[in-house]
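Quick note: our numbering has the sequence shown finishing at residue 326, numbered continuously throughout.
In what follows, a single structure is set out as structure tokens and then discussed.
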Amino acid sequence: MDSSTHSVRLSVASSKAEPASFFLEDFPHQVPVQLIEGIITKEQLLGFLPFNKWLSALKTSLDRQGKEQHPFHTSPFSLRSITIQSVDFFKPTVIGFIKLNARVENANGKILPGIAFLRGPSVAVLMILQPSDSKTEKWVILTEQPRVAAGSLQFMEVPAGMIDPKSESFAGTAANVIMEKTGFKFPEQKLKDLTKYAIGKEAIWDDDTWDDTALAGSSDDLESAMYPSPGGTDEYIKIFLWEKELERKELDELKKKLAGTKTAGELVTVKIANYEQLWRIAARDSKALAAWSLYEALKRKRHPDLTDTRVSRKQSDI
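See below:
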């Protein structure tokens, strides 16, 4: 989502140096990889986890074409080459982003769009507050912050952030991100992974109409997460839920406290809004719309982990 926590960032375009190359062997034929000589090495590229996860997922998907029921079975596509076009470094030795062009073509000369911006995973959290004297009234925590890529200095969204793809705990990272963005502190055990509940392998459904085969890409090596822009980036976002019940007086005091509160170096403004207005207030934020739709659908399906997620407020949480 953002890279503001990293102090150093370098960007180099492929036009500034002649490329070097090597071959990937774990395919039906050798796949040449064009590098940017003097900027990124084979070892650095293969050590960049988002590249490895993307390549593994693509290979799995290509291999699936061998099944007769696959739509591309009669004229399968294959990976012909990869060209690294640009690299962004968060630190001199830490790769942040890679832009590449993968040539994926079949025997008929049909080429799939292959430009990809590799950045790895992110997390987002739907934070809901509910007064104890109401069963229907709910409020949500939002953040307003600069998003230069969208051309905005006041982009409204649910709390979110990039995470280290090597992290063993997405929930733990999400809790840290929320602490940084909103000032709320809570243990990772209080977070519910909505995306896992919906599409994870351990998802539980008692609906006779549910058909696993209807899930797009269900056989591919994809994450149990939301992909906000699969036409151009590998980014996937795990969406978590955090709910809390408060006394009416506490909620009113919290709303006053949060009004205009700034965090993350005075760049992020914390907002509180009526849950019923979330789909309008944060309609430009794909994370907010995905979180809202997952939450509503899982509630309607009475998912066992969402039957009663409210907990009492503790002073240490804020």
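The beta-carbon is built from N, C-alpha and C at its ideal position, and this holds for glycine as well.
Predicted model only: the values in this text are computed from it and were never measured.
Close CB contacts of Ile171 within its chain, under the 8 Å cut and outside five residues either way in sequence, are with Gly128, Pro129, Ser130, Val131, Phe178, Thr181, Ala182 and Val185 (chain order). Residues of the same chain with a CB within less than 7 Å of the CB of Asn109, apart from the 5 flanking positions on each side, are Thr91, Gln93, Gly122 and Ile123 in chain order. Under the three-state reduction of DSSP, Ser301 is assigned to helix.
When DSSP states are grouped into helix, strand and coil, Glu145 belongs to the coil group.
When the five nearest sequence neighbours on each side are left out, the beta carbons in the same chain lying within less than 8 Å of the beta carbon of Leu254 are those of Leu137, Gln138, Pro139, Ser140, Leu262 and Arg321, in order along the chain. Taking 4 residues as the minimum length, the alpha helix (DSSP H) runs contained wholly in the region 147-208 are 178-190 and 202-207, in order along the chain. Asn60 and Ser237 have their C-alpha atoms spaced approximately 19 Å apart.
DSSP, read as helix, strand or coil, puts Leu43 in coil. For Asp313, the closest alpha carbon among the candidates Val276, Gln38 and Gln197 is that of Gln197.
Residue pairing by DSSP places Leu259 in no beta bridge whatsoever.
Listed in chain order, the beta strand (DSSP E) elements of length 3 or more contained wholly in the region 62-137 are 85-99, 102-114 and 123-126.
Only residues of its own chain outside the window of five on either side were considered, and among them Leu137, Trp147, Val148, Ile149, Leu150, Leu262, Lys263, Leu266 and Ala267 have a CB closer than 8 Å to the CB of Ile280, listed in chain order.
When the five nearest sequence neighbours on each side are left out, the beta carbons in the same chain lying within less than 6 Å of the beta carbon of Phe56 are those of Ile103, in order along the chain.
When the alpha-carbon of Asn116 is set against those of Phe80, Ser142 and Thr144, the nearest one is in Phe80. Cβ contact annotation for Pro195 (same chain, cutoff 8 Å, sequence separation greater than five): Ala183, in chain order. Between Leu63 and Phe85, the gap from beta carbon to beta carbon reaches 9 Å or more. The Cβ-Cβ distance between Phe125 and Asp201 does not fall below 9 Å.
With contacts defined as CB atoms closer than 9 Å, Ser83 and Lys118 qualify as a contacting pair.
With a beta-carbon spacing of about 5 Å, Val39 and Leu87 fall inside the 8 Å limit used to define contacts. Of the residues Leu249, Leu306, Glu188 and Val133, the one whose Cα lies closest to the Cα of Leu275 is Glu188.
In this structure Ala296 touches Glu165 by the C-beta definition: roughly 6 Å separates them, less than 8 Å. Rounded to whole angstroms, the gap between the alpha carbons of Tyr235 and Lys143 is 33 Å. One thing to note: Tyr303 has its Cβ within 9 Å of the Cβ of Leu134. At least 9 Å separates the beta-carbon of Pro167 from that of Ser160.
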